[in-house]
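S.K.: All residue numbers for the sequence shown refer to my numbering, where the first residue is 1 and numbers rise by one. By construction, the Cβ of each residue, glycine as well, lies at the ideal position given by its N, Cα and C atoms. In this text, all values refer to a predicted model and were calculated from it rather than measured experimentally. Quick one: the structure is below, and I'll ask about it shortly.
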Amino acid sequence: MWFDNLGYEGSDAASLTIHVPSSFYRDQVQQRYSPRIEHKLKELSGNPIAVEFIVKPSELPVDAPPPKKQQVAVRQEKIKPPHPQLRSDYIFENFVIGVNNSFAANAAYAIGRNPGTAYNPCLIYGGVGLGKTHLIQSIGNTVFLGGSGRIVYVTAETFTNEFIQSIKNKTNHQFKNKYRSVDVLLVDDIHFLQNKTETQEELFHTFNALYDANKQMVFTCDRPVAELKHLTDRLRSRFERGLNVDLQPPDFETRFAIMKRKVEEKNIPIPDEVIDLVCRNITTNVRDLEASLTKLIAYSDLVDKEISVEVAQQQLRDVFSNPRQSNITIEMIQRVVADYFALSAGDLKGKKRTKAIAFPRQVAMFIVRDLTEYSTTEVGLEFGGRDHTTVMHACQRVESRMKTDPTLEPTVNHLVRTIKENNAKA
Ligand code: ADP
Ligand code: MG
């Protein structure tokens, strides 16, 4: 990321000058790499050579529209300590645009440029690992680097915890003030608010206050708001106001572009055939792509082997055939498990706690946790609004029972197979 934008400017016997696109870059590169560059220069030339930087703004005008497809969008121009709640690498510049995400990315970019005007509020939704947090934080970073205004980024979970804490500590007034006095409010993962009625109420009032004051709000959610079951109607209607944009899983071309970029960022020689192999086999989301890259790099580091197609095939065997790769849903699992035990999916979600229902329910929860990425909180919600501890307990029960009951493991395996087959057909 840093080196892409540097260039050779000139040199003499004692110094080397590199041009950088902004003073922000200069400071970053100087801090992070100057000693290493100088060390290398000395190694190569045998003499101490000082590295100097000169700021040469890039050709790209600051107000250029976001470059289309698979390119970067914003350049950082200011020297500023990073925003405390935002990751400084979650910027548009590092976000690869493809057909799957261009609507969301362009909307986010426009909001970052002109908060509080066109798309307010905005809600970005999509599955895990597709870039929601990256985009919402990129908005924050753009506004932040652009200058003024108070930007608050918070996950819905933190918002909830702070709210509960403020009631306990009788500091609710400060809490309200904090959130109602911001210029840009970014709330990540609002699906977490399900069933948290009082927090929803609080956010509802925060929303109204900010909305009336034309302050920008952006939310993210793991599914369309209409599909959140445990949300008050009035808060739902607030989220649905404004622009709702989705993130889809990246197609092959975009996956390839993303991987290629990450490989270049890490500056590790990985042949295109390997990138191709990984991108053909990992189709779910960017987080899974990143994880496989990390695994390959770690492997090649530890055993000091080059990353070849063979190495990738062998090292990523599990990931390539991993059921998490698929789009198995909780509903699908409930259906298969209910069928098997001659129950209805409604029974699994219902209140009854008779043994004939409770046990299949536990098995279903266990399989959900095994085959999907849903958190225990989310699983609980899909099983009739149960608490996450109930889910944890269910999984432990099934696991320990598998050790004592020799018929259980084959049953679970059979169910898992059926689910995977159903999913492959779907
Ligand atoms: P989500 O919040 O939707 O679960 P994240 O924003 O955390 O997903 O993204 C997961 C990882 O994938 C992050 O490291 C993010 O930087 C990266 N990522 C996602 N989409 C892209 C993209 N289009 N280009 C580059 N990196 C991406
Ligand atoms: Mg996220």
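Work out the CA separation of Thr117 and Ile190 for me, nearest whole Å.
M.R.: C-alpha separation (whole angstroms): 22 Å.
S.K.: Tell me the rounded alpha-carbon separation between Asn172 and Tyr153.
M.R.: For Asn172 and Tyr153, the distance between alpha carbons rounds to 19 Å.
S.K.: Which residues have their C-beta within less than 5 Å of a heavy atom of the ligand ADP, listed in chain order?
M.R.: Every residue passing the under-5 Å Cβ criterion appears here: Phe95, Val96, Val128, Gly129, Leu130, Gly131, Lys132, Thr133, His134, Ile258, Val286, Arg287.
S.K.: Consider the C-beta atom of Asp189 and the heavy atoms of the ligand MG; say whether any pair is separated by less than 7 Å.
M.R.: Correct: Asp189 has its Cβ closer than 7 Å to the ligand MG.
S.K.: What residues in its chain sit with their C-beta under 6 Å from that of Glu52, if we drop five residues either side in the sequence?
M.R.: The answer, listed in chain order, is Ser15, Thr17.
S.K.: For Tyr299, does the three-state DSSP call read helix, strand or coil?
M.R.: Of the three classes helix, strand and coil, the one that applies to Tyr299 here is helix, per DSSP.
S.K.: Output the distance between the C-alpha atoms of Gln30 and Thr329, rounded to the nearest integer angstrom.
M.R.: Spanning the two alpha carbons is a distance of roughly 48 Å.
S.K.: When the distance is taken between beta carbons, is Val311 closer than 8 Å to Ile367?
M.R.: Not in contact: Ile367 and Val311 (Cβ atoms no closer than 8 Å).
S.K.: Roughly how many whole angstroms lie between the Cα atoms of Ile307 and Ala13?
M.R.: Cα to Cα, Ile307 sits roughly 38 Å from Ala13.
S.K.: Considering Val182, what are the terminal residues of the beta strand (DSSP E) in which it resides?
M.R.: Taken as a continuous stretch (DSSP letters only), Val182 belongs to no beta strand (DSSP E), as it is neither H nor E.
S.K.: I think Gln334 touches Ala345, with their Cβ atoms under 8 Å apart; what is that distance to the nearest whole Å?
M.R.: Yes, they are in contact, since the Cβ atoms of Gln334 and Ala345 sit about 4 Å apart, within 8 Å.
S.K.: Can you tell me which residues form a DSSP beta bridge with Cys221?
M.R.: Tyr125.
S.K.: Would you mind working out which of Asp188, Phe159, Lys262 sits nearest Gln137, comparing C-alpha positions?
M.R.: Selected option, being the one with the closest Cα: Asp188.
S.K.: Return the Cβ separation of Glu273 and Val309 in integer angstroms, given the expectation that the two are a contact with Cβ distance under 8 Å.
M.R.: With a Cβ gap of about 5 Å, Glu273 and Val309 count as contacting.
S.K.: For the beta strand (DSSP E) that Leu381 lies in, which residues bound it at each end?
M.R.: Segment 376-382 is the alpha helix (DSSP H) holding Leu381; no beta strand (DSSP E) there.
S.K.: According to DSSP, which residues form a beta bridge with Tyr8?
M.R.: In DSSP, Tyr8 forms a bridge with Ile18.
S.K.: Apply the 10 Å Cβ neighbour rule to Gln396 and answer buried if 16 or more other Cβ atoms are within range, or exposed otherwise.
M.R.: Exposed.
S.K.: Check whether the Cβ atoms of Ala364 and Val337 sit closer than 8 Å, and answer yes or no.
M.R.: Taking 8 Å as the Cβ cut-off, Ala364 and Val337 qualify as a contacting pair.
S.K.: Relative to the C-alpha of Ser23, which candidate in His39, Ile37, Leu6 has its C-alpha closest?
M.R.: Ranking His39, Ile37, Leu6 by Cα distance to Ser23 puts Leu6 first.
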